[in-house]
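Heads up: the sequence shown at position 41 corresponds to 42 in this note's numbering, and the numbers run straight through without jumps.
Note that the Cβ used here is the ideal one computed from N, Cα and C, for glycine as well.
Right, one structure below, let's go through it.
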Amino acid sequence: MIPWVWFMAGLDCHTTASLLLDRLRRVIGSSGCDCIALSGGIDTSVLALAARLENRELQGFIAFYTKGVPRDLVYARLLASSLLIDLTEIPIDDSYIVSRWKRIVECTGRRNHIELRNDVVFMRVLEAAQEHGCGCTIIGDGGDELFAGYSFMLHLLGRELYTTILNMAVKGRYPGVELAECIGVKALAPFLSDDILEVAFNTPMDCVRGGGNEGKSILRLILSQYGLKIIAERPKTPAEAGSGTAVLSRRVLEEMIGATLE
């Protein structure tokens, strides 16, 4: 058992949200990071907000598949405009996937086609950050695991949800972290820092899952409080739908790269 679990028992959602944002501001403000992988999703939007509140000027990067429909792009543009982030949009074509898939598999040790079509987007963003001379890039890894961002978690309640969050945090796969380490890019995953884990593990479950059938309620609350309601109310979008790679089925990917995937 983590020793500081339950020290925040009894706090309401607004108080917990304020504490979480304060911790994020502290972690990001002291990081020296000058770039962010900006998907326009709930997680990276909260991180970008925390950076703006600390007066950190960030260069943002978003990658998308040219043959798909990248649902995240409109939200990323809106957020960048609202928070004065210089956003670089990076198209991914088939030739890029063909040129990078082996390296990605080497970095992650996995040949799953769903993971590959998501990881290629992470890889492109991290490479772009490296190409632009970013000293440190903020990534959103950990948000789904800590704040019930996966669809199967929406059917869990109370202690079962809490236990799942703890297990996911420990055993979760963090592709942004893996790929950054593999290619030598300095990245910061604020949600995985001790300061944030402490708050996340003590957040009341009704602040993680609100009254609706959606997770990340506490993160959505933070965004709403700062006028980012459109992003706060956006439906959960799987990573592959957000980037446009959802059109890449296993068969299509295998034919493209000339190899067998799982």
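(request) With a floor of 3 residues, list each beta strand (DSSP E) that falls wholly inside the segment 68-139, ordered by position along the chain. (result) 87-93
(message) So, under 8 Å CB-CB, Leu-262 and Leu-117 are touching, yes? Tell me the CB distance rounded to an integer number of Å.
(response) 6 Å
(request) Output the boundary residues of the beta strand (DSSP E) element that contains Ala-233. (result) No beta strand (DSSP E) holds Ala-233; the alpha helix (DSSP H) holding it covers 230-233.
(request) Give the secondary structure of Val-253 by DSSP, where H, G and I count as helix, E and B as strand, and everything else as coil. (result) helix
(message) Less than 7 Å between C-beta atoms, sequence neighbours within five positions excluded: which residues of the same chain meet that for Pro-92?
(response) Phe-65, Thr-67
(request) Measure the alpha-carbon distance for Ser-32 versus Gln-60 and round it to whole angstroms. (result) 15 Å
(request) With DSSP as the reference, please indicate the residues paired to Gln-60 in a beta bridge. (result) According to DSSP, Gln-60 bridges with Cys-36, Asp-87.
(request) Return yes when the Cβ of Leu-20 is within less than 8 Å of the Cβ of Tyr-227, no when it is not. (result) no
(request) Would you decide whether Asp-94 is buried or exposed? Buried here means 16 or more other CB atoms lie within 10 Å of its CB. (result) That one is exposed.
(message) Comparing C-alpha positions only, which one of Glu-161, Gly-159, Ala-129 sits nearest to Glu-90?
(response) Checking every option, the nearest Cα to that of Glu-90 belongs to Ala-129.
(request) Please say whether Leu-25 and Val-47 have beta carbons closer to each other than 8 Å? (result) In this structure, Leu-25 lies closer than 8 Å to Val-47 by Cβ.
(request) Out of Val-28, Arg-57, Gly-216, Val-209, point me to the one whose CA is closest to Ile-197's CA. (result) Among Val-28, Arg-57, Gly-216, Val-209, the Cα nearest to that of Ile-197 belongs to Val-28.
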